[in-house]
Amino acid sequence: MAESQEALTETVYYILLSLLDPLHGYGIMQNIENLTKGRISMGPGTLYGALNTLAAKGWIIQVEREKKSRKKDYLITNQGREVLVREVERLEELVRNGKSELGGVK
Amino acid sequence: MKRVVWKHFALWKLDEEEKWLNKMGEEGYNLVDVKWMRYIFERGQAGKYQYATEYLEKSSYGRSGQEYIEFLADAGIELVKERRGRAYFCREKRPGKFQIYTDPSSKIKHFNRMISVMVLWVLFFGYYLFERVLALVGYDVFKPPSREIYRLELFLGILLTAIILNLFRGIFKLQNKKKDLRAQRKGKDDET
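Residue numbers (the working numbering), protein chains in the order written: chain A, 1 to 106; chain B, 1 to 192.
Put into structure tokens, the structure is as follows:
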């Protein structure tokens with residue numbers, strides 16, 4: 001890994017993870033609640049702001065759900081996917097090191 | 001059956017307002033409208049709705065605002081009323097707290113919106129206070145103000161000073177809340 005990447009916040013991590021397939025705002029909130037078994041319950045204002053930030057970074061885009069439908073879905077971009085993959089690798093390293101060190105202590 | 005309650009919450013007491021609206025809802029008074037210094041409730045099922053307040057972004061008035069309102073509608077949240085930037089949202093009661101903002105960073109941004117408009121008010125009232133002071137110290141020496149005018153200027157001056165001091169108190173309170181949130185954020189390493 002040439003360039004290091006800042007750690008993603010839980011909010012961003014779970015939003016990106018929710019958008020591997022197109023999904024609407026409320027769906028994202030529900031998905032995050034399900035994935036974390038209710039630990040993270042994201043407010044709609046917080047989510048809306050985060051989605052705009054991620055779209056501005058080019059990590060996600062808005063897609064039309066159906067023709068003539070005003071409702072918008074969100075979807076991860078290739079760039080966003082790369083960020084997510086690198087983050088998972090970073091987290092794996094954290095967990096691997098944690099486990100091996102702790103295992104040694106036991 | 002409608003019930004009108006005369007009440008006023010300063011902008012920096014948005015969370016107290018929210019708490020109060022939820023309490024009214026628990027008692028079966030559901031908010032239907034907000035007017036100057038007045039809240040209008042309709043008698044209904046107790047505890048059916050939950051309420052949340054937000055000071056909207058400037059752009060929320062325009063088209064992007066409509067987009068946000070629709071985004072919320074998608075999540076089952078209804079806009080009861082928007083008045084001078086303050087939005088009153090409700091949703092049918094579900095388990096969990098009804099919060100528009102849930103992480104420290106977005107809460108801080110919300111407070112910053114309130115603080116910036118309050119600073120504008122301070123400047124606005126400050127300018128008028130400055131004018132009153134000029135009038136009081138005999139800005140127009142050749143035509144001294146009559147006693148009535150003098151009293152009026154003095155009254156306005158005191159009123160404006162009170163308003164400005166109150167605004168400063170509000171800004172100070174919000175700054176303190178922000179400080180607590182920043183400390184939380186540091187703990188959680190959250191930076192959205």
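Glycine included, each C-beta is placed from N, C-alpha and C at the ideal position.
Since this is a predicted model, take the numbers as computed values, not measurements.
Residue i at chain B interface by Cβ criterion, 8 Å
i: A:Pro22; result: no
i: A:Gly98; result: no
i: A:Thr36; result: no
8 Å CB neighbourhood of residue i in its chain, flanking five on each side removed
i: B:Arg63; result: With a pLDDT of 49 at B:Arg63, under the threshold of 50, the modelled position of this residue cannot be trusted; read the value that follows with caution. So the list is empty, once near-sequence residues are dropped.
i: B:Gln66; result: none
i: B:Arg94; result: Gln50
Interface partners of residue i on chain B, CB under 9 Å
i: A:Ser41; result: Gly96, Lys97, Gln99 and Thr102
Residue-level contact to chain A via CB, residue i, 8 Å cutoff
i: B:Tyr68; result: yes
i: B:Glu207; result: Summary: the structure shown does not reach residue 207 of chain B, with chain B confined to residues 1 through 192, and so no result is reported for it.
i: B:Lys35; result: no
Closer than 7 Å at the beta carbon, the chain B residues around residue i
i: A:Thr46; result: Tyr101, Thr102, Asp103 and Ser106
Under 8 Å from the C-beta of residue i: neighbouring residues of chain B
i: A:Ile26; result: A quick correction: the sequence has Tyr, not Ile, at residue 26 of chain A. Those are Asp74, Ala75 and Gly76, listed as they occur along chain B.
Chain A contact residues for residue i, given Cβ-Cβ distances below 7 Å
i: B:Glu54; result: Gly45
Residues that residue i contacts on chain A, provided the C-beta gap is smaller than 8 Å
i: B:Lys58; result: Simply none; closest approach about 14 Å.
i: B:Lys109; result: Gly49
7 Å Cβ shell around residue i - same chain, five flanking residues per side excluded
i: B:Phe111; result: Leu174, Lys177 and Lys178
i: B:Glu57; result: Arg113
i: A:Ala50; result: Thr11, Val12 and Ile15
i: A:Leu75; result: Leu19, Pro22, Ile60, Ile61 and Val63
Chain-order list of residues whose beta-carbon lies under 6 Å from that of residue i (same chain, five-residue window excluded)
i: A:Tyr14; result: Ile32
i: B:Phe172; result: none
Closer than 8 Å between beta carbons: that is the criterion. Which residues of the stretch 50-71 of chain A meet it against chain B? Ala50, Thr53, Arg70 and Lys71
In the stretch 69-89 of chain B, which residues sit with their C-beta less than 8 Å from some C-beta in chain A, listed in chain order? For the stretch 69-89 of chain B, which is checked against every Cβ of chain A, the residues closer than 8 Å are Glu70, Phe71, Leu72, Asp74, Ala75, Gly76 and Ile77.
What residue ranges within the stretch 5-58 of chain A form continuous beta strand (DSSP E) runs of no fewer than 3 residues, ordered along the chain? none
Which full runs of the beta strand (DSSP E) of 3+ residues lie inside the stretch 40-71 of chain B, going along the chain? Along the length of the stretch 40-71 of chain B, whole beta strand (DSSP E) runs at least 3 residues long occupy 49-55, reported in chain order.
Mind pulling the beta strand (DSSP E) runs of 3 or more residues that sit fully within the stretch 82-149 of chain B? 86-92
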